[in-house]
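Number of protein chains: 2
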Amino acid sequence: MARSSTRPTSRDVAHAAGVSQAAVSLVLGDKWRGRVSEATAERVRQAARALDYRPNLAARNLRLGRTRTVLLVVPALTTEFFAGVYTGAARVAAQHGFGVVLYPSPEGIGPARDPFASAQAALDGVLASSMAADALTAIRGDRLPLVMLDSDPTASPGAATVNLDIADGIRQVADHLLGLGHRRILHLAADVPSWTFEARARELTTRLAATPGTELSTARAPISIDGARTAAEAALTTPGPCPTAIVCDDDKLAAGAYKAARRLGLRVPDDISVTGLDDLALATALDPELTTVHLDAELFGERGMHALLAVLEGNEPTSGDIPVQLVLRGSTAPPRTHQG
Amino acid sequence: MARSSTRPTSRDVAHAAGVSQAAVSLVLGDKWRGRVSEATAERVRQAARALDYRPNLAARNLRLGRTRTVLLVVPALTTEFFAGVYTGAARVAAQHGFGVVLYPSPEGIGPARDPFASAQAALDGVLASSMAADALTAIRGDRLPLVMLDSDPTASPGAATVNLDIADGIRQVADHLLGLGHRRILHLAADVPSWTFEARARELTTRLAATPGTELSTARAPISIDGARTAAEAALTTPGPCPTAIVCDDDKLAAGAYKAARRLGLRVPDDISVTGLDDLALATALDPELTTVHLDAELFGERGMHALLAVLEGNEPTSGDIPVQLVLRGSTAPPRTHQG
DNA sequence: GAGCGGAAGTTATACGTAACACTCGGGGCG
DNA sequence: CGCCCCGAGTGTTACGTATAACTTCCGCTC
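Top line first, the protein sequences correspond to chains A and B. Each step along the first sequence adds one to the number in the UniProt record's numbering, with nothing skipped, and position 92 is 92. Each step along the second sequence adds one to the number in the UniProt record's numbering, with nothing skipped, and position 316 is 316.
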């Protein structure tokens, strides 16, 4: 009789089924075709079920030298966006029998800045979103397979990269506003040192530069509604002609821009157009609803995880940016005729 | 010379330092006072650093029979609220050398409905938020220590429970609205079978019943802005006197209520007051800003993790609900005098 | 000078699993 | 008739760690 105080092991199952532990391992590991008879296999399965046997993961991981667990590193988990990324990544991982451990980046989690101290689990690989450089180097210290999300492809030579085609999203925004007739545009930029935000600024600048007679100004704000409101209010009250449209790096910043406009007595979109980027729930909660760039966060997470799993199997990850789509809602309109 | 192809083990460190593997384990495990000389200990530390040795977590977990990893089960990770819970829980866990694996509830993750299949990691305990009953029973199947978040204390006899005092929040909302003079109130309720939502309805009902002359109606909606808008619009256009205030189970529902009011030509708060619950970023993005009940999600996660760690150490978890606070903003005002 | 206790280690073992190497009997085939 | 192969298993080992049990040496006390 097996000791009931502790969890049953494969040896307990073997004893109950009258076979050796090795046979149990073969049957439960589905490696028994041609090695164990169907009758014996069934006896083993019955015994396992009767004892409610669950393999000891730690022992299996030690034996196999891999853990079927990967780490997902994301910036502090404040928005729905990364919740979506996680959901997509975890779904794909689960389909392949992998688990996902989350590490929201350095700020605010643990005393140890090392992701691997925080994630106690033994890991097979890492999926890392754009993040602080120190966490990145800590990760590279280990030799784990790494796939980067939303990062400068040229900056991580060793690692595969999966990106949203945000540059194209910015192009769509710029073309939309230019098409409506806007020429004086304010870029409300995230005050975060990250490749993805720098890329947005770069793309917007070059796109607007291609159309003569445009003026681009920039205001920087932390990614919070009130921070954005303050920055936008300051930018809109500087001397000189007022911009007719605000391009925001992010939907949260756009919400701040709405509040700034409201305080200044400007109406969206009649007096000023506003665009966002992300398409969070926030975007449709605003009045008027926000014209923004829809990012498919779950698809992003799925693609990232597929790439990582490919790397883990020694294959080449498929590349190619994920398309994004401008969603026209009520926050953009032609500018008022300013001199006619 | 150690093989450079594979990660160094404690034996490699021992060899490099000229000691036994046991000595390495003692030194690195900080159990060497009086067992190893300071000079030898330093030699071991040097060797470990030189080889960039990291202990094999799987082996340690197997040896020790515990993993310093716990599972956090949350409803599908769609809101900032559970991001906050995770952040708080992970912070406390990290401070105690624990890691946290996330399992967002059944919908949408994996083919296996079993949380333990998805979370590949071997676990020491579970912190589980209110969730679908099937996931719950799967968890109880294992004999892991369990702490419940935001759940019926009487329903899980074996497990400790950590709750936000949402009933008090609802009381504060009800008293605020009654104090303003509202008597016809619509409850926009989440259409989700969960203890926490049922408790809200119960509390609101009893609180209003204590004041004569009040009328409470209820509309149910899925937790999404558009779902809430539809439900609220239907409720507000039913024949009979229109409610003067809407109590929403959740800020997202409140955003839907705003949209419904706007479509019907009702102004918030002049024509109708609206309250939420959660205090998400959304609450201050709305115009007017939402009067809502502030929940401290991170504190909630911290308390939950503290309770679980206490259970794991064989101590009694501290109990007591976490206080919540009504935040007055611009979405509530006295009703228009309806018959004067 | 015998004995004892403590410092400074070492040796050996177990944790639970997966898989390699082996055994044993029977049947097909040359 | 001898050989080989195949089905159906079993015995054994190793993964890397933590720790209990043991050894050795030395200084002290009685």
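For glycine and all other residues, C-beta sits at the position ideal for the given N, C-alpha and C.
Give me the chain B residues within the contact set of residue i, using Cβ-Cβ distance strictly less than 9 Å, ordered along the chain.
| i | result |
| --- | --- |
| P104 of chain A | A83, Y86, T87 and A90 |
What does residue i reach in chain A if we use C-beta pairs closer than 9 Å?
| i | result |
| --- | --- |
| D287 of chain B | Y258, K259, R262, L286 and D287 |
| K252 of chain B | A281 and A285 |
| T67 of chain B | L57, A58, Q120 and A121 |
At what residues does the alpha helix (DSSP H) containing residue i begin and finish?
| i | result |
| --- | --- |
| S25 of chain B | Q21 to L28 |
| T332 of chain B | Here T332 of chain B belongs to no alpha helix (DSSP H), and DSSP marks it neither H nor E. |
| L149 of chain A | Here L149 of chain A belongs to no alpha helix (DSSP H); instead the beta strand (DSSP E) covers L146 to L149. |
| V13 of chain B | S10 to A17 |
| T40 of chain B | E38 to L51 |
| A155 of chain B | Note, A155 of chain B: premise wrong, no alpha helix (DSSP H); not H, not E. |
| A59 of chain A | L57 to L64 |
Just to confirm my understanding: we take residue i, look at its own chain, exclude 5 residues before and 5 after, and list those with CB closer than 8 Å. What are they?
| i | result |
| --- | --- |
| I322 of chain B | V162, N163, L164, D165, D296, L299, F300 and R303 |
| S273 of chain A | L177, L180, H182, T244, A245, I246, T291, S331, T332, A333 and P335 |
| A221 of chain B | L188, A189, A190, D191, G227, A228, T230, A231, A232, L253 and G256 |
| P145 of chain B | D124, G125, V126, L308, V311 and L312 |
Anything in chain A within Cβ reach of residue i, meaning under 8 Å, just list it in chain order.
| i | result |
| --- | --- |
| N56 of chain B | L62 and A122 |
Could you check where the beta strand (DSSP E) with residue i kicks off and where it finishes?
| i | result |
| --- | --- |
| G88 of chain A | Here G88 of chain A belongs to no beta strand (DSSP E); instead the alpha helix (DSSP H) covers E80 to Q95. |
| A128 of chain A | G125 to S129 |
| T318 of chain A | Run containing T318 of chain A: none; DSSP gives neither H nor E here. |
| T69 of chain A | T69 to V74 |
| P222 of chain B | That residue, P222 of chain B, is in no beta strand (DSSP E); it is neither H nor E in DSSP. |
| G34 of chain B | Element bounds for G34 of chain B: n/a, residue is neither H nor E. |
Just to confirm my understanding: we take residue i, look at its own chain, exclude 5 residues before and 5 after, and list those with CB closer than 6 Å. What are they?
| i | result |
| --- | --- |
| T291 of chain B | T275, L328, R329, S331 and T332 |
| P193 of chain B | none |
| T196 of chain A | S130 and D150 |
| T218 of chain A | H187 and A189 |
| K259 of chain B | R229 |
| A41 of chain A | V27 and W32 |
| S156 of chain B | M148 |
| G213 of chain B | R183 |
| A17 of chain B | R43, V44 and A47 |
| R66 of chain B | D124 |
Show which residues of chain A have a CB atom less than 7 Å away from the CB atom of residue i.
| i | result |
| --- | --- |
| A255 of chain B | A285 |
What does a CB cutoff of less than 7 Å around residue i pick up in its chain, not counting 5 residues either side in sequence?
| i | result |
| --- | --- |
| G108 of chain B | Because G108 of chain B carries a pLDDT of 45, less than 50, the predicted location of this residue cannot be relied on, and the following value inherits that uncertainty. Counting only Cβ-Cβ distances below 7 Å, and skipping sequence neighbours, we find A76. |
| C242 of chain B | L236 |
| R171 of chain A | E203 and R207 |
| V324 of chain A | L164, D165, I166, D168, G169, V293, H294 and L295 |
| L277 of chain B | G169, C248, D249, D250, D251, T292 and V293 |
| V268 of chain A | Y258, A261, V274, P288 and S331 |
| V19 of chain A | T40 and V44 |
| R91 of chain B | E302 |
| A159 of chain A | L146, V147 and M148 |
Quick one: is the Cβ of residue i within less than 7 Å of any heavy atom of the ligand FMN?
| i | result |
| --- | --- |
| A228 of chain A | By its list of ligands, the structure shown contains no ligand whatsoever, and the ligand FMN lies outside what it can speak to. |
Inset, instruction - Run through the segment 161-219 of chain B for me and flag every whole alpha helix (DSSP H) of 4 or more residues, listed as ranges in chain order. - result: 166-180 and 195-209
Return the residues of the segment 290-318 of chain B that lie within a Cβ-Cβ distance of less than 8 Å from chain A, sorted by chain order. none
For this session: Report the residues of the segment 221-244 of chain A with a CB closer than 9 Å to any CB of chain B, ordered along the chain.
Result: S224, I225 and D226
If we require 3 or more residues per run, which beta strand (DSSP E) segments fall completely within the segment 224-254 of chain A? 245-248
Quick one: which unbroken alpha helix (DSSP H) runs of 4-plus residues sit fully inside the segment 244-304 of chain A? Chain order, please.
251-263 and 281-285
According to a CB-to-CB cut-off of less than 8 Å, which residues of the UniProt domain "HTH lacI-type" (8-64) of chain A neighbour chain B? D52, R54, N56, L57, A58, A59, N61 and L62
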